[in-house]
Amino acid sequence: MTNHWNDIENSDCVLAMGSNPASNHPISFKYVTKAMEKGAPLISVDPRFTQTSARANIYAPLRSGTDIAFLGGMIKYILDNNLIHEKYVKAYTNASFLVNPDFKMPGENNGVFSGLVENKYDKSTWSYQTDADGVILKDPTLSDPNCVYRLLKKHYKRYTPEVVSNITGTPKDKLLAVYEAYTKTGKPGKAGTIMYAMGWTQHTVGVQNIRAMSIIQLLLGNMGVAGGGVNALRGESNVQGSTDMALLFHILPGYLKTPVASLQTLEEYNKKNTPATNEPKSLNWWKNYSKYMASLLRAHYGMNVTLEEAYNYLPKRDDGQDCSWLTLFDSMYKGKFSGLFAWGMNPACSGASSHKVRQALTQLDWMVNVNVYDNETGSFWREPGLDPSKIKTEVFMLPCSSFMEKEGSITNSGRWMQWRYKAVDSPGVAMPDGDIMTELFYRLKERYEKDGGPLADAVTRLTWDYGVKDGAGRIHHFDPDYVAREVNGYFLEDKVIGGVLYKKGTLVPSFGLLQDDGSTSSGNWLYCNSYTEKGNMAKRRGNEDKSHIGLYSDWAWCWPLNRRIIYNGASVDPDTGVPWDKKNPVIRWDGARWKGDVPDGVAAPGAGRPPFIMKPDGVANIFGPGLADGPFPEHYEPLECPIEENLLSPQFINPTIVRWDEVGTGTSVDARATCDPRFPFVCSTYRVSEHWQTGVLTRWAPWLAEMQPELFVEIGSELARLKGFKNGEHVMVKSVRGEVEAVAIVTDRYKPMKVAGMTVHQVGIPWHYGWVTTNMRKYVHGDKVPEVFTSGDSANLLTPFIGDPNTGIPESKAFMVNVERKGV
Amino acid sequence: MIPKKGMIKSTDAFERLVHWWLAITCIILILTGLGMMFHSFNFLGTPLGGLKNLKLVHNFTGLLFAPALFFAILIWWREAGVFKMPEDLEWIKVAGGYLWHVDDVPETGKYNPGQKAFFLAVAIFGILMVASGLIMWFPLSLPSGLVQWMYPLHALGMLVIFPFVLVHIYLGTIGVPGSARAIFTGYVTRSWAEKQCPGWLKEMEEEGRLEIYGEEKEEAAHG
Amino acid sequence: MAEKIKLYDTSKCTGCRACQLACKQWNALPAGQTYNAGTYQNPPDLQSNTWMLIRFQEMSNGNGDVKWLFRKDACMHCTDAACIKVCPSGALFRTKYGSVALDRDKCIGCKECISACPFDVPRYDPVTDKIAKCDLCFSRIDRGMEPACVKACPTGALSFGDKDEMIARAHARVKELGGDANVYGDQFVGGTHMLYVLTEKPDVYDELPERPRVPLTVIAWKDWFKPLTLLAAGGVLAGSFIHYLTHGPKDTSGDDQAGGEGGE
Ligand code: HEM
Ligand code: SF4
Ligand code: SF4
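Chains as they are written, first to last, in this note's numbering: chain P, 1 to 824; chain H, 1001 to 1223; chain B, 2001 to 2264.
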């Protein structure tokens, strides 16, 4: 989230698209409701009429996977009706930048951007025109045909309401009603917010879905303002935190890049990853890259290892190597892994095309399952129908503490780092993850010390100062408070900066003071300032709202630097410093200083410094050349879809996606079925309020299981009538990859759609279920038996093994299925 | 209260058994019913170990009450269940001489219309009580629309039976001395019979069926 | 002590069921095995271990638009509470907050409240032989806390406060909503202490009586027959006494006077 949960309350229009916050982020509805009480309309765009739709002022259905068409139409609507926040767009975005005249767009280039070679783009034409000094040429009047604004207009000219409606299945009047309501927030002083979740990300165009909305938010001047922003509703209470801390393969903590093999030295690495700009007024914050990297290396290895050595210790990817989820499991499936730690996860249910994942697990020599309860992953070898004696994998279960049995921090979607305390002791032999990891570290270290091995030092020389040490330097109880301090970072020697002496051993007060000479440490530069000499900021519980816009700046801590709304430098008029929205000012200039939220990137009013300082050029990107699949979002059909052609261009699907069905194993688990009469219905997976993720925690909770005991499939009344299904009967949902049994919920909340002149039916299925908590399996002595059984297995048995080209996130929100009566 | 020579047999053993069976269960039902009806009588449950037990006593006593009622109706419906016109009407007109002085109370059979009314009330409302009571005992087994009505009906039954029982007790004891003997020993004095059921006395004598204590039975008593 | 009202605003309810769960948690009510019957609503109905539940109901109008209605079903805490009226043991009682609570120790499991309640609320538990229903979290409100469901509700659909204030708030909200919106609860059974703001007319909602009232059967039973019984019994006793004094016992004696010592 660029903003935060409470801030939704400040919105003048709330768009919930690609999300169902009423069901899946129920607490957010506190703020949605408050915004609505103040008159903000709530818009729900969803293939299915959801609990969010039930509360919405406007509901518009759309076919899964056609969000870009929908949003592209909105961009066109904004531009055609000149609803942009003009001053904002000119000052704070790259709308005026002149693009390379050789750049070609899908409308004029067979549905793809210029530079496509096989399934990868050569992005050389995705560049700007510059002057002799390398400064980007601009046209502040936005009239040059090569300026971003004109290109945008040209690109989305094709997205007329008729075409969009024909693609999305959204009735035209609904489409226009949404456009009209939302674009009202383009008026200076008005703010619209977008609440999105997996409904946008889990597509082969997932990143571009969000890009499309970002463009809308920029055009309407909704970024950086209270009640605006682009707000990802995270699917897990600490997803934001774990992403910040390097959950993904391509980043280190603080969104530093993982080193690749070709970058042999720290210097090369820093040079490659530190962006440069010739824009005279741009701050280009990432120019500090090397300081953050140096501090991270210090956090890992301390002062005993030189920075260069420490860099050498870091694991390196091959250049271009993709280690995202699908690739990992594809490799595992092909027998390239010997072991797996499944730590706090349940890939046997959460992985797209779960059959493939489950089969991949059989290829392992060993697997360690660290979880609160047994799950389908830990017990994969005894899934009904499998013969355990034929499976070689040795499985270890390490029971770990649940969140209320240990202390630590979580970082919520709004980037708030909040400390949690332990409430109860762990049952049995369960341990907090930190203690398990500490134990594991000591064992590994001992082994490496004894036996050596490639890069043994990378392990043996790691610092591990996460608790009180005994005489031998060993800790017996992992203390997250120590980690929090290391994450913030220390001065490792006495240092004078700007005339101030910072003593060795003290905590670094802000990332502005981190050094690239090795004199500071910081486990994550973004979190520098979270633990100061005043104490652990995440523990703060000040609940006074001095800002009157719900910033609650004394409650916990928020990265970066406790800034609650990022890009807030764009919330004011660039010349005068007066907030666009005088009612809900995020920051305001009092003549000498900025007041309000921690200001983001702005210098004094009129100084002309563009406030998007994390971008090299200082402005937000409407033209975004950084992505794998194009600088402007373009509609492509999902890998599996009901229609034979892309109504916008000859390019059917996203040309840059990685295709396992073509290059992969060629087995059924990778198969796809597009426009296949055997699988005529569009399907989407989703969640319900009562269950969480694969249900590992919730299926064992009797009260929750009682409320949602069985896997169901929601089917429109009309389709049910065609198929002769009765409400509540058991049916089989089948894709080309697998099938699951589910209870049919026949509902008017799914309506058939008119798409490309055809009638398209969509069905939907939650993915929380798994065979481990059913009564269709054997429970042997020692197995926990659920108090309330659930029925059904993971809906991911159906989903395709395909992902977004930028992130690799699987396309679980749009695929094709059939639904049949049981036993047919 | 041992019968004396010359007294007339008015009830046989089975009749007396049924009467007491009915009476005792009825009184228990009334008392336990009262305990449930009025919070101020909840204390009646205390000796039984709580209201819950009181309810159980009530319900099971109800089960015992039902057969007694069945036999009672079987035994007495002919004598006490049908009004004889016009004598009974005449009797009613003067309220049997119970309320004001009447020189000539119309002659009645074994049971006067007052007693008949009591019998009928107990019979009709007793059946009602059994039916409604059973349904109320297991209210979830029937549609609630029907069950709902059982409660006021049961209360109505109480409204009718309880006062009647009180009157019955009064008249059976101090109100009409000598009556209780009939239902304890089976015998009444001749004068009692002459006053209370002259018609029956005459009839019995005419038919020669009268049994007199200490004398050979003239004929088998009815039964 | 001021009377309290729990206000439930359907226009703000998202059907998230935090309240339903919170109720089970606070009251330590066990879960039971359930099945999906083609609806999100589960358990299917109120139970002795489910004192409140969200009812899910779909409603389609002619022009293809659909509505999804959520309604929190639980004891309404009537002022003229039929259940209290009929309860023989005094287990059901009115609290000083106006709510209707249950003293489980006193309950004798007679189920009279079940057939009396116009909202079909009390449920019988055969294991304990007692009934169970929402008591508006008496243990909480008596310590100055809001009921557990109100505490859990994220959207503000549930609120709890002084009677007059809540009634005023409900009417203000209805005015704001316009259309078919209405306040449900303050116009019958003496006024309920759970008040609804409904977005649709009451007859639209499943299992919701349009004009609930204390059943005639209960009135006949408790307001007519019960006092009459007392009156009649008292009258008879008094009458007999007077009769005995003024009239004296009937003279059944004669010359034979065999049972003279009688007079029982
Ligand atoms: C002479 C016969 C009876 C009398 C006078 C009598 C009286 C009463 C009274 C006064 C009540 C309380 C009603 C109230 O709360 O207003 C009551 C309740 C009840 N009676 Fe009876 N009753 C009689 C026979 C029976 C019989 C035959 C049964 C069936 C077995 C029965 C079963 C019940 C039941 C189930 C209740 C409901 C109260 C409870 O369960 O707590 N009663 N009765
Ligand atoms: S709703 Fe039913 S149980 Fe609740 S107070 Fe009213 S009558 Fe009693
Ligand atoms: S907690 Fe609130 S929003 Fe959720 S279901 Fe209950 S009343 Fe509705």
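For glycine and all other residues, C-beta sits at the position ideal for the given N, C-alpha and C.
Would you say residue i touches ligand 2, meaning its beta carbon is less than 7 Å from a heavy atom?
i       : result
H:V1147 : no
B:C2075 : yes
B:V2121 : yes
B:V2218 : no
B:V2183 : no
B:A2082 : yes
B:K2222 : no
P:V817  : no
P:V45   : no
B:C2117 : yes
B:K2067 : no
P:C349  : no
B:K2133 : yes
B:H2113 : Contrary to the premise, residue 2113 of chain B reads as Cys rather than His in this sequence. Within the cutoff, so yes.
H:V1057 : no
B:C2107 : no
B:C2078 : yes
P:V669  : no
B:V2100 : yes
On the criterion of 16 or more Cβ atoms from any shown chain inside 10 Å, does residue i qualify as buried, or is it exposed?
i       : result
H:W1020 : exposed
P:S389  : exposed
B:A2037 : exposed
B:S2115 : buried
B:L2231 : exposed
P:S262  : exposed
P:G664  : Its pLDDT being 49, under 50, P:G664 is placed unreliably in this model, and the coordinates cannot settle the point.
P:D244  : buried
P:M105  : buried
P:I136  : buried
P:R55   : buried
Please name the residue in the options whose C-alpha comes closest to that of residue i.
i       : options                        : result
P:L247  : P:N524, P:P680, P:C675         : P:N524
P:Y769  : P:N375, P:A720, P:M816         : P:N375
H:H1058 : H:I1027, H:A1121, H:G1214      : H:I1027
P:M213  : P:Y179, P:K187, P:T243, P:R777 : P:Y179
P:Q359  : P:G471, P:Y333, P:Y373         : P:Y333
P:G254  : P:G228, P:A294, P:N6           : P:A294
B:Q2267 : P:M732, P:E739, P:E706, P:R737 : Here chain B covers residues 2001 to 2264 and nothing more, so residue 2267 of chain B does not appear.
P:W594  : P:N568, P:G39, P:D617, P:P610  : P:N568
Is there a Cβ of chain A sitting closer than 8 Å to that of residue i, yes or no?
i       : result
B:V2100 : In the displayed structure, chain A is absent; the protein chains listed are P, H and B.
Decide yes or no for the touch test of the stretch 759 to 775 of chain P against the stretch 678 to 690 of chain P: beta carbon pairs closer than 8 Å, at least 3 of them. yes
Should the stretch 707 to 726 of chain P be regarded as contacting the stretch 2005 to 2016 of chain B, the criterion being three or more beta carbon pairs within less than 8 Å? no
Could you tell me whether the stretch 230 to 250 of chain P touches the stretch 1001 to 1013 of chain H, using the rule of 3 or more Cβ pairs below 8 Å? no
When you compare the stretch 2070 to 2086 of chain B with the stretch 2040 to 2052 of chain B, are there three or more beta-carbon pairs, one atom per stretch, that lie closer than 8 Å? yes
Return the chain-ordered ranges of every beta strand (DSSP E) run that is complete within the stretch 354 to 424 of chain P and spans a minimum of 3 residues. Qualifying beta strand (DSSP E) stretches, in chain order: 366 to 371, 394 to 399, 408 to 411, 416 to 420.
List, from N- to C-terminal side, the beta strand (DSSP E) runs of 3 residues or more that fit wholly inside the stretch 155 to 221 of chain P. 192 to 196
Enumerated in chain order, which unbroken segments of the alpha helix (DSSP H) with a length of 4 residues or greater are wholly contained in the stretch 466 to 549 of chain P? 480 to 488
Could you give the uninterrupted runs of the beta strand (DSSP E) lying entirely in the stretch 2113 to 2181 of chain B, keeping only those of 3 residues or more? 2123 to 2125, 2130 to 2132, 2158 to 2162
Is the number of C-beta pairs between the stretch 2012 to 2032 of chain B and the stretch 2174 to 2188 of chain B that are closer than 8 Å three or more? no
Report yes or no: do the stretch 427 to 443 of chain P and the stretch 573 to 593 of chain P share at least 3 C-beta pairs separated by less than 8 Å? no
Kindly confirm or deny that the stretch 2151 to 2161 of chain B and the stretch 1168 to 1185 of chain H touch, where touching means at least three C-beta pairs closer than 8 Å. no
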